[in-house]
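Let me begin by presenting the structure, written as structure tokens, before commenting on it.
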Amino acid sequence: MKKTVIAMAVAATLPVAAQADVTISGSVKTSYILGTKALDIDSDLDIAVEEMLANGMTAKAEVDFGDEGDSGKASLDGEFGTLTVGSKLDKDGAFQSGVLVPSTVASLYETSDSASTANAVHYSGSWAGMSIQAQVNASTTATGSTTKSDTNLTGGGTTAAAAVAGTSTTLHYTDAQESATQVAATYELNDITLGFARAGTNMTSKIGKTIQEGNVMGATYSFGDLSVGYGKASTANSPVVMAGYEVTYGDIALTANYYDRGTGVSNSTSGSASYTLDGLTIAIDYDSDKGASGSKGIAAGTKTSTITATYVSGDMTAKVGTKFDGSTDYSVALDLGNADLSLERDDSKAQTTAKYSVAF
């Protein structure tokens with residue numbers, strides 16, 4: 026995305042000598058599902074302002090206007106760290122920073138495109154290898170953010186009574202605001218990292234899972250291509266022990282991970298391999314228990330494997346991949362600079378979508 030940066034003097038609100046850097050960016054994305062006459066348009070406009078204050082600190086403000094709800098935040102940076110107040114902050118942003126072994130808290134195993142957010146106050150700071158984060162989520166009725174996976178009403182309209190035959194509507198709901206406090210700290214010494222996180226109350230994670238009130242402690246150690254870790258949550262009966270391996274041999278990249286979750290809980294292994302040659306990349310991914318990762322819509326104990334082939338030639342990218350459910354996806358995309366054009370086929374939904382977007 027190309028951004029337009031404007032340096033301007035805002036004399037009406039600031040001293041004559043003060044200047045603020047303003048960054049304006051945005052996008053319009055269109056999606057047309059072939060054969061259904063369904064057309065979706067998402068627009069977004071972002072304005073960010075940054076100014077160096079006379080005392081050496083930096084004041085920042087960001088405003089976002091989009092189809093998924095408006096949001097804004099303000100922050101102050103200095104030697105003390107960074108203090109941020111605003112909306113669309115990760116609900117568990119501070120807590121997860123101290124969880125070194127992700128599977129210690131299953132809901133933090135991986136992220137989600139429809140991450141839940143909160144109106145919150147967040148602090149972060151680092152000194153001599155020690156990093157601290159703290160956050161308080163507000164329990165207000167402020168707008169917050171909206172999610173993409175909502176409720177479809179056959180016939181359209183915002184209520185069943187307003188439905189119109191032959192159309193359909195997806196309702197977008199505001200994230201529920203819930204009060205929560207969280208704090209985390211990490212300390213790095215050579216190749217050893219120690220971590221601690223505490224949730225002061227039960228709270229919802231970024232992917233909608235419940236994090237129980239309590240503490241999480243962990244440690245990781247890296248040596249060469251191998252890393253090991255130990256994590257224990259106060260709400261769990263057993264600790265989690267992990268080992269990971271990551272190496273690259275020329276055009277071949279390999280990763281492997283193993284998680285031992287203790288007595289009565291299934292262990293898991295995951296890995297990936299990729300090979301790149303003259304613009305063509307073949308990638309294989311495997312997970313013995315994708316459901317335990319907190320992935321939405323996948324039951325615990327589900328084994329998953331995918332194979333993807335990607336070919337890049339100039340501004341064109343073509344991709345074909347098989348998913349764990351046996352379906353195959355195809356796509357071809359053309360990079361036109363600030364504009365992107367693509368055609369995507371999802372076999373699992375028997376759906377072909379043409380997409381065009383312009384960003385600035």
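Heads up, the sequence shown is in this note's numbering, so the first residue is 26 and it goes up one at a time. Heads up, the beta-carbon is just placed ideally off N, CA and C, and yes, glycines get one too. All values derive from a computational prediction rather than experimental measurement.
Just to check my reading of the structure: residue i and residue j have Cβ atoms closer than 8 Å, yes? What is that Cβ distance to the nearest angstrom?
{"i": "Thr245", "j": "Thr280", "result": "Not quite, the Cβ-Cβ distance comes to about 16 Å (not below 8 Å), so this is no contact."}
{"i": "Lys113", "j": "Asp102", "result": "Their Cβ separation, rounded to whole angstroms, is 19 Å, which puts Lys113 and Asp102 out of contact at 8 Å."}
{"i": "Thr294", "j": "Ser313", "result": "5 Å"}
Grab me the residues of residue i's own chain with a C-beta within less than 6 Å of its C-beta, minus the 5 sequence neighbours each way, in chain order.
{"i": "Thr353", "result": "Thr347, Asp372"}
{"i": "Val266", "result": "Tyr255, Asp285"}
{"i": "Glu87", "result": "Ala73, Lys98"}
{"i": "Gly81", "result": "none"}
{"i": "Val345", "result": "Ala334, Tyr355"}
{"i": "Asp310", "result": "Ser297, Thr331"}
{"i": "Tyr212", "result": "Gly154, Met155, Leu219"}
{"i": "Glu369", "result": "Ser356, Thr378"}
{"i": "Asp360", "result": "Asp340"}
{"i": "Gln158", "result": "Ala119, Ser122, Ser149, Ala209"}
{"i": "Phe90", "result": "Leu70"}
Measuring alpha carbon to alpha carbon, tell me which residue in the options is nearest residue i.
{"i": "Val74", "options": "Val253, Ala308, Thr294, Val47", "result": "Val47"}
{"i": "Ser356", "options": "Phe105, Met341, Val265", "result": "Met341"}
{"i": "Asp276", "options": "Thr301, Ala210, Tyr283", "result": "Thr301"}
{"i": "Leu305", "options": "Thr377, Val337, Ala145, Gly296", "result": "Val337"}
{"i": "Thr129", "options": "Gln207, Thr378, Lys374, Ala261", "result": "Ala261"}
{"i": "Ser263", "options": "Ala278, Asp303, Gly287", "result": "Gly287"}
{"i": "Ser141", "options": "Ser149, Val53, Arg223, Thr235", "result": "Thr235"}
{"i": "Tyr381", "options": "Asp95, Gly225, Ala278, Tyr57", "result": "Tyr57"}
{"i": "Ala278", "options": "Gly269, Ser299, Ala268, Ala258", "result": "Ser299"}
{"i": "Gly94", "options": "Asp69, Asp250, Asp115", "result": "Asp69"}
{"i": "Gly225", "options": "Asn144, Gly239, Asp92", "result": "Gly239"}
{"i": "Asp250", "options": "Ala268, Gln376, Thr61", "result": "Ala268"}
{"i": "Gly106", "options": "His147, Lys116, Asp67, Glu76", "result": "His147"}
{"i": "Ala358", "options": "Met228, Ala343, Asp350", "result": "Ala343"}
How would you label residue i, buried or exposed, when you count the other beta carbons within 10 angstroms and need 16 or more for buried?
{"i": "Asp65", "result": "exposed"}
{"i": "Leu125", "result": "buried"}
{"i": "Met155", "result": "exposed"}
{"i": "Val272", "result": "exposed"}
Does DSSP put residue i in a helix, a strand or coil?
{"i": "Phe248", "result": "strand"}
{"i": "Lys62", "result": "coil"}
{"i": "Phe120", "result": "helix"}
{"i": "Asp340", "result": "coil"}
{"i": "Thr129", "result": "helix"}
{"i": "Lys54", "result": "strand"}
{"i": "Ser263", "result": "coil"}
{"i": "Asp276", "result": "coil"}
Suppose the cutoff is 8 Å on Cβ atoms and the five residues either side in sequence are ignored; what does the same chain contact list for residue i look like?
{"i": "Ala364", "result": "Tyr381, Ser382, Val383, Ala384"}
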